[in-house]
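In this note's numbering, the protein residues as written are 31 to 438. Backbone N, C-alpha and C define an ideal beta-carbon position, used for all residues, glycine too. Worksheet: the structure to be examined is printed underneath.
Right, dumping it as structure tokens:
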């Protein structure tokens, strides 16, 4: 049951808990332990976010990132199990300037790897060489390349979102065209990694998000004319588009770095990771009940601890009970799926951790590991046994260190 693995290690980790609680500013970035156990280094890489994660099989985690070898920049993968770290695998995918990798389940234990990059086939064309496209590859359970690189988007691509359909295929949404007035498209990718034709969803729209409930309902969210929109997505297109709330305010010099969305049993959540003009990072979020015609205005993400504990439903142990407050959080990344309590990976300025949401509000907070300087958003994944995997990028001497810890 959830919590069992954590309790087995409680005695051996109690000293670590005391250390982490008292050393927010002094724990070195190569600290070997989190509250769950060892921290391993997946790689040192010039990466702006944590590595992409997927845990299809209990006890086996796959991670993907942008690395390099003697031939230059390369997409890379690695697996972690109870036996330890496997060897890094270089994926020969004709990269130019890849970024934005994501891993999602495909049929037969395979994985879909998605990323943004320039097309290596058009580098001699001065009009197309600088265009960014969405690509896909099908990866086997042993990290061999089954199919790819496969060109998915039909033109210049700015941002994309993906959701597993439950049968090995994917739902995709991506924005493209003119930067000033992008067009939003939706598209399917089959279980073998083959794209279907894109369909137009909205004009002058950007920053798509996709969520899938346990019942299989796909919702698409996007930004349009200063507002957050939502629509139900099915094979015939977007149904009942609705403006939910206004977007967080961006002042001159501010930049929206990334977005993420998640679900609990009753509410949906959207998070905006913002880099302010002075370099500080903030996260804002909005939430609404399923079927709500409007959401409250977006607000900055922060917490305040309250009395007692909060049962998370995962094997990471109980979190501290919490409510909204002014201990500010940044770099949110929501766990994909639907849960009684939604875990969102965050950074509080000294620790990477998980903030839990239930019923549309902050309900718990769990510090996991000391991270003096986070680079971009961390990533969180879980397996069928509710073990949690948390990965992030932190500042190293010469490159970002991609770290991983888990409840296994």
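Q: Express the C-alpha separation of residue 141 and residue 84 in angstroms, rounding to a whole number.
A: 8 Å
Q. Taking buried to mean at least 16 other C-beta atoms within 10 Å of its own C-beta, is residue 156 buried or exposed?
A. exposed
Q) Helix or strand or just coil, what does DSSP make of residue 139? A) helix
Q. Are residue 260 and residue 249 touching if we call contact CB-CB under 8 Å?
A. yes
Q: Compute the beta-carbon to beta-carbon distance between residue 313 and residue 335, rounded to the nearest angstrom, for a pair I have assumed lies under 8 Å.
A: Contact doesn't hold; Cβ gap of about 18 Å is too wide.
Q: Identify, in the order they occur along the chain, each residue of the same chain with its Cβ nearer than 7 Å to the Cβ of residue 179, setting aside the five sequence neighbours on each side.
A: 123, 124, 165 and 167
**Q.** Limits of the unbroken beta strand (DSSP E) element including residue 124
**A.** Looking at the DSSP string, residue 124 is not in any beta strand (DSSP E), and its letter there is neither H nor E.
Q) Under the rule that 16 or more other beta-carbon atoms within 10 Å means buried, what is residue 55, buried or exposed? A) In this prediction, residue 55 has a pLDDT of 37, which is less than 50 and means its spatial position is unreliable; what the coordinates show is noted afterwards. When all chains shown are included, residue 55 counts as exposed.
Q) To the nearest whole angstrom, what separates the beta carbons of residue 349 and residue 299, a pair I think is in contact under 8 Å? A) The Cβ separation is near 17 Å, so there is no contact.
Q | Top-ranked residue by Cα proximity to residue 267, from 341, 217 and 437 | A | 217
Q.
In whole angstroms, give me the CA-to-CA distance for residue 351 and residue 366.
A. 22 Å
(Q) According to DSSP, residue 202 sits in a beta bridge with which residue or residues? (A) 192 and 217
Q) In the region 367–411, which residue ranges form an unbroken beta strand (DSSP E) of at least 3 residues, counting only runs that do not cross its ends? A) The qualifying runs are 372–377, 381–388 and 391–400.
Q) Candidates 421, 172, 429 and 262: which alpha carbon is nearest residue 66's? A) 421
Q: Could you please give me the residues that DSSP links to residue 167 through a beta bridge?
A: 143
Q. In angstroms, rounded to a whole number, what distance separates the CA positions of residue 256 and residue 92?
A. As the crow flies, the alpha-carbon of residue 256 is around 37 Å from that of residue 92.
Q: Kindly list the residues whose CB is nearer than 7 Å to the CB of residue 323, restricted to its own chain and excluding five residues on each side of it in sequence; keep chain order.
A: 272
Q. What residues in its chain sit with their C-beta under 6 Å from that of residue 328, if we drop five residues either side in the sequence?
A. 278, 314 and 316
Q. Should residue 229 and residue 293 be called a contact, given that it needs their Cβ atoms to be closer than 8 Å?
A. no
Q.
In the DSSP assignment, the beta strand (DSSP E) including residue 426 goes from what residue to what residue?
A. DSSP places residue 426 in no beta strand (DSSP E); its state is neither H nor E.
Q | Contacting residues, own chain, Cβ-Cβ under 6 Å from residue 171 (five flanking each side not counted) | A | 139
Q: Could you check what DSSP says for residue 117 in three-state terms: helix, strand or coil?
A: Residue 117 carries a coil assignment under DSSP once its states are collapsed to helix, strand and coil.
Q: Pick helix, strand or coil for residue 6, following the three-state DSSP scheme.
A: As shown, the chain starts at 31 and ends at 438. That puts residue 6 outside it, with no answer to give.
Q: Could you tell me whether the Cβ atoms of residue 183 and residue 206 are closer together than 8 Å?
A: yes
Q) Could you give the distance in angstroms between the alpha-carbon of residue 73 and the alpha-carbon of residue 181? A) 27 Å
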